[in-house]
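Chemist:
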Ligand code: TMP
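Residue numbers (my numbering): 1330 to 1538.
Here you go:
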């Protein structure tokens, strides 16, 4: 049995990740491909507890940037070993709502943590593993944040300053451009067009296998 593939959806708050994932699910189902869904941080019971810590705005003390980084990778390690690797080895595909690129963009770009430090922690955690395809939904911080705040209460990271999201966005764009396995989708387009672009990117990926 051949191994499954790992497809990741990335992008800032308000980029439309959830509906993009629905489109991917439809395409995979049409091709008879079995898949599971994951999200990061989270995706296993223990990793979901770490997600709570990372997202909560109610801590009595400041969560340091280094703790935030380490919790993202701790969560990723749990998810990889306990869900993603077993699924891929069993021939199932995995649709990931965020993965390592988020840490590079948010902790590297947004928090401006040392990239060599992130690279070292990523090496220990991922052991060279990377997604087969990443769809990066590109949205400006202006549009993304206004969509996110229209959805309701903001979490600890969503409460960050505008400049934080500008840095996240810049880093996402820079990293997406530098990696052929990352396809950038213009998420500011009309929804139907965004979904067409996602379908097209995925069909091209499937054809090339
Ligand atoms: P979301 O999955 O609902 O978008 O929430 C996850 C939040 O965590 C989002 O603000 C992005 C942030 N995040 C990081 O800062 N670094 C990471 O590595 C990951 C996976 C998420």
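Yeah, the Cβ is synthetic: ideal placement off N, Cα and C, and Gly gets one too.
I'd like to confirm something about residue 1486: is its beta-carbon nearer than 7 Å to some heavy atom of the ligand TMP, or not?
Modeler: yes
Chemist: DSSP state of residue 1417, grouped into three classes?
Modeler: helix
Chemist: Evaluate residue 1494 with the Cβ neighbour count: other Cβ atoms within 10 Å of its Cβ, from every protein chain shown; 16 or more gives buried, anything less gives exposed.
Modeler: Taking all protein chains in view, the Cβ of residue 1494 is crowded by 16 or more other Cβ atoms within 10 Å, so the residue is classified as buried.
Chemist: From residue 1452 to residue 1387, what does the alpha carbon distance come to, in whole angstroms?
Modeler: 32 Å
Chemist: What span of residues does the alpha helix (DSSP H) with residue 1532 cover, start to end?
Modeler: 1520-1536
Chemist: Exposed or buried, residue 1503, counting other C-beta atoms within 10 Å across all chains shown (16 or more means buried)?
Modeler: exposed
Chemist: May I have the straight-line CA-CA distance separating residue 1397 from residue 1476, to the nearest angstrom?
Modeler: 25 Å
Chemist: Which same chain residues, not among the five before or five after residue 1333, have their C-beta less than 7 Å away from its C-beta?
Modeler: 1416, 1417, 1420, 1421, 1422, 1423
Chemist: Our contact map puts residue 1541 next to residue 1341 with C-beta atoms below 8 Å; I'd like the distance itself, whole angstroms only.
Modeler: Nothing about residue 1541 can be read from this structure; the chain reaches only from 1330 to 1538.
Chemist: If we count the other Cβ atoms within 10 Å of its Cβ and call it buried at 16 or more, is residue 1401 buried or exposed?
Modeler: buried
Chemist: Helix, strand or coil for residue 1394? Go by DSSP, reduced to three states.
Modeler: Note: residue 1394 maps to helix in three-state DSSP.
Chemist: By Cβ distance, which residues of its chain are closer than 6 Å to residue 1406, with the 5 residues on each side in sequence left out?
Modeler: 1454
Chemist: Where does residue 1339 fall in DSSP's three states?
Modeler: DSSP, reduced to helix, strand and coil, places residue 1339 within a strand of the structure shown.
Chemist: Closest to residue 1357 by C-alpha separation, out of 1411, 1373, 1335, 1474, would be which residue?
Modeler: 1335
Chemist: Taking all protein chains shown into account, decide if residue 1376 is buried (16 or more other Cβ within 10 angstroms of its Cβ) or exposed.
Modeler: buried
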